[in-house]
Amino acid sequence: MEPLRYLQGYAPEVLESVRRLIARDGLADYLASRYPQRHAIQSDKALYAFVNELRQRHLRNAPAIDKVLYDNRLDLTHRALGLHSAVSRVQGGKLKAKKEIRVAALFRHAAPEFLEMIVVHELAHLKEAEHNKAFYQLCRHMLEDYHQREFDLRLYLTWLERQA
1 MEPLRYLQGY APEVLESVRR LIARDGLADY LASRYPQRHA IQSDKALYAF VNELRQRHLR
61 NAPAIDKVLY DNRLDLTHRA LGLHSAVSRV QGGKLKAKKE IRVAALFRHA APEFLEMIVV
121 HELAHLKEAE HNKAFYQLCR HMLEDYHQRE FDLRLYLTWL ERQA
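Residue numbers (UniProt numbering): 1 to 164.
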């Protein structure tokens, strides 16, 4: 029985269901039926605008984001699909922190729902550093079906891994 590394922690019956889907080569069809579109956000500038629009809509009091970009160095092997960071620098005797969000380049060609889920996840880290109950409540506040999209994203990553 092949391990499903992106689905660890799910109930055994869910894993068995996924294994059956894989065995009958139905994973690609399932994903295509649920997520038939690809988004048009191809440039870092467009991604920045998308992230800021979501931040304005859901987290008005969160700090401004200074930089948003697709990062080719984030990939499945590093298990990082997105990254948020605060880069601190001293400027003229003052400490300035610049907030950055990096999204794995593989999402340049993914469904818009997956890109939105990754961005929501990284935006939630502006308020909650840890993956705790409050963090996931914030994610659900911004994206009602966050958990379903996260599960489907894990299926997508499983499919990508099997294609490689």
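All C-beta atoms, glycine included, are put in the ideal place defined by N, C-alpha and C. From a predicted model like this one, the values you see are computed outputs, not experimental measurements.
Element boundaries [beta strand (DSSP E), containing residue i]
i: arginine 102; result: 94 to 104
i: leucine 59; result: Here leucine 59 belongs to no beta strand (DSSP E), and DSSP marks it neither H nor E.
i: arginine 74; result: The sequence given here places leucine at residue 74; arginine does not occur at that position. Here leucine 74 belongs to no beta strand (DSSP E), and DSSP marks it neither H nor E.
For residue j and residue i, believed in contact at Cβ under 8 Å, the rounded distance
i: leucine 27; j: leucine 21; result: 5 Å
i: leucine 115; j: alanine 62; result: Rounded, the Cβ-Cβ distance is 19 Å, inconsistent with contact.
Of the residues the options, the one placed nearest residue i, counting alpha carbons only
i: glutamate 150; options: Gln163, Glu128 and Pro112; result: Pro112
i: leucine 74; options: Ile118, Leu95 and Arg162; result: Ile118
i: arginine 162; options: Gly92, Tyr136, Tyr70 and Ala23; result: Ala23
i: cysteine 139; options: Ala124, Asp152 and Gln148; result: Ala124
i: lysine 96; options: Arg60, Glu122 and Ala64; result: Ala64
CB contact flag (residue i, residue j, <8 Å)
i: methionine 142; j: histidine 39; result: no
i: aspartate 44; j: valine 68; result: yes
i: lysine 94; j: aspartate 66; result: no
i: glutamate 155; j: valine 18; result: Note that residue 155 is leucine in the sequence shown, not glutamate. Yes.
Extent of the continuous alpha helix (DSSP H) run through residue i
i: alanine 110; result: Here alanine 110 belongs to no alpha helix (DSSP H), and DSSP marks it neither H nor E.
i: glutamine 37; result: From DSSP, glutamine 37 is part of no alpha helix (DSSP H); its letter is neither H nor E.
i: aspartate 152; result: 146 to 163
i: alanine 64; result: Where alanine 64 is concerned, there is no enclosing alpha helix (DSSP H), given that its DSSP letter is neither H nor E.
i: glutamate 130; result: Looking at the DSSP string, glutamate 130 is not in any alpha helix (DSSP H), and its letter there is neither H nor E.
i: glutamate 13; result: 12 to 23
- Inter-stretch contact (C-beta, 8 Å, three-pair minimum) for the stretch 28 to 35 and the stretch 45 to 52: no
- Task: Could you tell me whether the stretch 100 to 115 touches the stretch 132 to 139, using the rule of 3 or more Cβ pairs below 8 Å?
- Result: no
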